[in-house]
Each structure stands twice: as C-alpha cells, then as structure tokens.
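Each residue of the sequence shown is one higher than the last, beginning at 2 in my numbering.
Accompanying notes for the structure given below.
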Amino acid sequence: MSVDSKTVKKIASLARIHMDDAEVEALVPELNNILGWVEQLGEVDVSGVEPMTAVIPNKLRLRDDVINADPLTGGGVRDKVLANAPVAEHGFFGVPKVIE
C-alpha cells in the first residue's frame, strides 16, 4: 500500500488538522515508511507463539472480597444507606430507565 499527497490531505481533513503543502509532502514518505514496517510485521511467522500481555510474567495480587462489618470503617450498613434513597429495589438504589 502506498500513500500519496492526496491521501495525506484527506486524512488531515478528517482529523481536522490544517497542513500546508510542504507539511503534506514531508509526511508522505514518513507514512509510507510506517506502512512498510506494518507490512513487514505481517510477514513474521508467529505460529506456536503464545499470546501475552507483557514481556515479563505478571501475576495479579488479589485480595479476598470480604464485606467489612465495622460501621466506622465501612460496610454492613446497607439498610441505613438505602433509607436515604428515594427508591430502593432489591437492596439497591432504584434509578429511572435511561435507554428505551
């Protein structure tokens, strides 16, 4: 795939970026180089490579999901909180429907 100055002007117009002719001409080879790198990456054989989210192994540190029953530090006061709600349904705040 190749990018010409007409394509760069169209992209700039869609992005609402003002570019003069000199800037457009300077950007054409840069975008073509980027597209060349993308095509080169598409040729890499990745069969047998496991998908990963990072180059080092990360493990999430999880904590137990426990309700704190101490009323001073939070939790265990649902009924008191819902007493202030204009509408409470099934132990939750009732809100009006937004999507038809």
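All residues carry an ideal CB built from backbone N, CA and C; glycine is no exception.
Just how far apart, CA to CA, sit residue i and residue j?
i, j, result
"Val56", "Arg64", "25 Å"
"Glu24", "Arg17", "15 Å"
"Val1", "Lys60", "An answer regarding residue 1 cannot be provided, because it is not within the stretch 2 to 101 covered by the chain."
"Trp38", "Ala86", "57 Å"
"Val88", "Val99", "16 Å"
"Asp66", "Val47", "39 Å"
"Gly77", "Pro52", "42 Å"
"Glu101", "Glu90", "20 Å"
Check whether the Cβ atoms of residue i and residue j lie closer than 9 Å to each other.
i, j, result
"Ala143", "His19", "Here the chain comprises residues numbered 2 to 101, so residue 143 is not present and cannot be evaluated."
"Ser124", "Asp22", "Missing from the structure shown is residue 124; the chain here goes from 2 to 101 and no further."
"Leu32", "Val9", "yes"
Which whole-angstrom value is the C-beta distance of residue i and residue j, which I expect to be below 8 Å?
i, j, result
"Arg79", "Gly92", "6 Å"
- [ ] Give, in chain order, every unbroken run of the alpha helix (DSSP H) that is at least 4 residues long and sits entirely within the stretch 14–85.
- [x] Taking only runs of at least 4 residues, the alpha helix (DSSP H) segments lying wholly in the stretch 14–85 are 22–43, 79–83.
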